[in-house]
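**Q**
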Amino acid sequence: MKLDPRSLPAVSTLRADLVHQHDSILGESPLWEEREQVLYWVDIDRGQIHRFDPAKRTNTTHTLPTKVSSIVRRASGGLAVTLKKNFGFFDPASGKLEELDVVEGDQPENRFNDGKVDRQGRYWAGTMNEVHIGRPDAGLYRFEGPGRLQKMVPEVTISNGTGWSPDGRTMYYTDTLRHTVFAYDFDTETGAISNRRPFLEIEPASEGLPDGLTVDAEGHVWSALVNYGCMLRLDPAGNLERIVDFPATRGTCCTFGGPNYEHLYITTARECLDEMQIAAQPLAGSVFRCEPDVRGLAETPFNG
4 MKLDPRSLPA
14 VSTLRADLVH
24 QHDSILGESP
34 LWEEREQVLY
44 WVDIDRGQIH
54 RFDPAKRTNT
64 THTLPTKVSS
74 IVRRASGGLA
84 VTLKKNFGFF
94 DPASGKLEEL
104 DVVEGDQPEN
114 RFNDGKVDRQ
124 GRYWAGTMNE
134 VHIGRPDAGL
144 YRFEGPGRLQ
154 KMVPEVTISN
164 GTGWSPDGRT
174 MYYTDTLRHT
184 VFAYDFDTET
194 GAISNRRPFL
204 EIEPASEGLP
214 DGLTVDAEGH
224 VWSALVNYGC
234 MLRLDPAGNL
244 ERIVDFPATR
254 GTCCTFGGPN
264 YEHLYITTAR
274 ECLDEMQIAA
284 QPLAGSVFRC
294 EPDVRGLAET
304 PFNG
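The sequence shown begins at 4 in the numbering used here and counts up one residue at a time.
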């Protein structure tokens, strides 16, 4: 579906409320940890992994020696992460960080951005050029463990939201400065992708940018729309079904959490906002939550 956010179709609109006020520069990668019933999330530019406990309303922080752009659960415990140039493992209990495979070591301007795990336990993460923003020299990678790394999508502008349909047979992938969320046929056994086609296209003149995403239990895709302060819910055919608003223009990503995955958590950013814009939206960089009356799916942990 092609959308111009300046004139969206009339659909139901929900409001997300503040659950944790924060001044993160680039809040991203929300991850519900069901064993602890807490939300992990990152501030990429500060190299911080946050742990928000919604029951206690407390937030604790681990600061790493490098940028951290995505976090996923490990089946063996702790977290797998993408750092500026590496995949890695991080143990929140001990604070131990292990750096693994380097990606695009010959491209110093590039860094990792978003990442997710497919329903078979493989870690997919992509890159971006952080100096010449939008230069199509980045890529999407599939990581199955140390030494098992493969580039899956070349010539990416900004690698962003990734997710899978409930049956795992469709992969959704966002190339932000192509203003497009793509859909691929996904081979669950091999992890191969094929038949790329546009799933959601945002009119470039609108300056709307698709960012992070998640997929709910009904197979609908929730995609963050940067510069418009909302999440879009689209049905499996790509039709807009619902909008979630929140008081920060730069919504970055979302995930479902809670005992029954009934809450939708949303991260936001202050990146690219000037002083006047921050004054107008003081909650930018915070974490928000809404109750969408649909449930999400537990994220599969990384098997590597």
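All C-beta atoms, glycine included, are put in the ideal place defined by N, C-alpha and C. Note that this is a predicted model, so its numbers are computed, not measured.
Throw me the rounded Cβ distance for the T177 and V184 pair, which I believe falls under 8 Å.
**A** Position 174 of the sequence shown, counting from 1, holds the residue named residue 177. Position 181 of the sequence shown, counting from 1, holds the residue named residue 184. T177 to V184, Cβ: 5 Å. Contact.
**Q** Return the chain-ordered list of same chain residues with a C-beta closer than 7 Å to the C-beta of Q110, the five sequence neighbours on each side being excluded.
**A** Indexing the sequence shown from 1 puts residue 110 at position 107. Here the set comprises D140.
**Q** May I ask you to verify whether the stretch 156 to 176 touches the stretch 130 to 137, counting CB pairs closer than 8 Å and requiring at least 3?
**A** Short answer: they touch.
**Q** Evaluate the contact criterion for the stretch 265 to 275 versus the stretch 247 to 254: three or more CB pairs, one atom per stretch, below 8 Å.
**A** The stretch 265 to 275 is in contact with the stretch 247 to 254.
**Q** Judging by CA-CA distance, which residue of G50, H23, I52, S72 is the nearest neighbour of K59?
**A** Position 56 of the sequence shown, counted from the first residue, corresponds to residue 59. For the residues G50, H23, I52, S72, the minimum Cα distance to K59 belongs to H23.
**Q** Count the other C-beta atoms from every protein chain shown that fall within 10 angstroms of the C-beta of T258, then say buried if there are 16 or more, exposed otherwise.
**A** One-based indexing of the sequence shown puts residue 258 at position 255. By the neighbour-count rule (16 or more Cβ atoms within 10 Å), T258 is buried.
**Q** Sorry if obvious, but does the Cβ on H65 come closer than 7 Å to a heavy atom of the ligand PLP?
**A** Here there are no bound small molecules, and the ligand PLP is not part of this structure.
**Q** Name, in chain order, the residues that DSSP records as bridge partners for Y268.
**A** The residue given as residue 268 occupies position 265 in the sequence shown. Answer is T258, R292.
**Q** Could you work out which residue in L203, D48, S15 is closest to I28 when comparing CA atoms only?
**A** Sequence index remark: in the sequence shown, residue 28 carries index 25 (1-based). When only C-alpha atoms are compared, the closest one is D48.
**Q** Who are L152's beta bridge partners in DSSP?
**A** If you number the sequence shown from 1, residue 152 lands on position 149. According to DSSP, which records beta bridges pairwise, L152 is partnered with F146.
**Q** Where does T63 fall in DSSP's three states?
**A** Here residue 63 refers to the residue found at position 60 of the sequence shown. If DSSP states are grouped into helix, strand and coil, T63 belongs with the strands.
**Q** Identify whether A251 lies in helix, strand or coil by the three-state DSSP scheme.
**A** For the purposes of this step, residue 251 is taken as residue 248 along the sequence shown, with counting starting at 1. Reduced to three states, the DSSP call for A251 is coil.
**Q** Residues in the same chain with beta-carbon distance under 7 Å from H135, minus the five sequence neighbours each way, listed in chain order, please.
**A** Here residue 135 corresponds to residue number 132 of the sequence shown, with the count starting at 1. Cβ neighbours of H135 beyond the five flanking positions: E112.
**Q** With distances taken from CA atoms, which of Q40, R138, D219, F146 is nearest T179?
**A** For the purposes of this step, residue 179 is taken as the residue at position 176 of the sequence shown. It is R138.
**Q** For V105, is the classification buried or exposed, using 16 other Cβ atoms within 10 angstroms of its Cβ as the cut-off for buried?
**A** The sequence position of residue 105 within the sequence shown is 102, counting from 1. Classification for V105: exposed.
**Q** Quick check: what's the CA-CA separation for P285 versus E101?
**A** As a working mapping, residue 285 is identified with position 282 in the sequence shown. As a working mapping, residue 101 is identified with position 98 in the sequence shown. About 36 Å.
**Q** Which value, in whole angstroms, describes the spacing of the CA atoms of G148 and G307?
**A** Position 145 of the sequence shown, counting from 1, holds the residue named residue 148. Position 304 of the sequence shown, counting from 1, holds the residue named residue 307. Distance between the alpha carbons of G148 and G307: 4 Å.
**Q** For F55 versus V71, is the C-beta spacing smaller than 8 Å?
**A** In the sequence shown, counting from the first residue as 1, residue 55 sits at position 52. In the sequence shown, counting from the first residue as 1, residue 71 sits at position 68. Not closer than 8 Å, so no.
**Q** So the beta strand (DSSP E) A128 belongs to, where does it begin and stop?
**A** Within the sequence shown, numbered from 1, the residue matching residue 128 stands at position 125. Counting along the chain, the beta strand (DSSP E) containing A128 begins and ends at 126 to 132.
**Q** By the 10 Å Cβ neighbour count, where 16 or more other Cβ atoms means buried, how is G80 classified, buried or exposed?
**A** The residue labelled residue 80 in the question sits at position 77 within the sequence shown. Classification for G80: exposed.
**Q** Label K99 either buried or exposed according to how many other C-beta atoms from any shown protein chain fall within 10 Å of its C-beta, with 16 as the threshold for buried.
**A** For this step, residue 99 is matched to residue 96 along the sequence shown. Exposed: under 16 other Cβ atoms inside 10 Å.
**Q** Tell me the rounded alpha-carbon separation between G164 and D214.
**A** Working through the sequence shown from its first residue, we reach residue 164 at position 161. Working through the sequence shown from its first residue, we reach residue 214 at position 211. If I take the Cα positions, the gap works out to 6 Å.
**Q** Throw me the rounded Cβ distance for the S168 and G118 pair, which I believe falls under 8 Å.
**A** One-based indexing of the sequence shown puts residue 168 at position 165. One-based indexing of the sequence shown puts residue 118 at position 115. With a Cβ gap of about 18 Å, S168 and G118 do not count as contacting.
**Q** At the level of alpha carbons, what is the spacing between K5 and S97?
**A** Translated into the one-based positions of the sequence shown, residue 5 becomes position 2. Translated into the one-based positions of the sequence shown, residue 97 becomes position 94. Spanning the two alpha carbons is a distance of roughly 47 Å.
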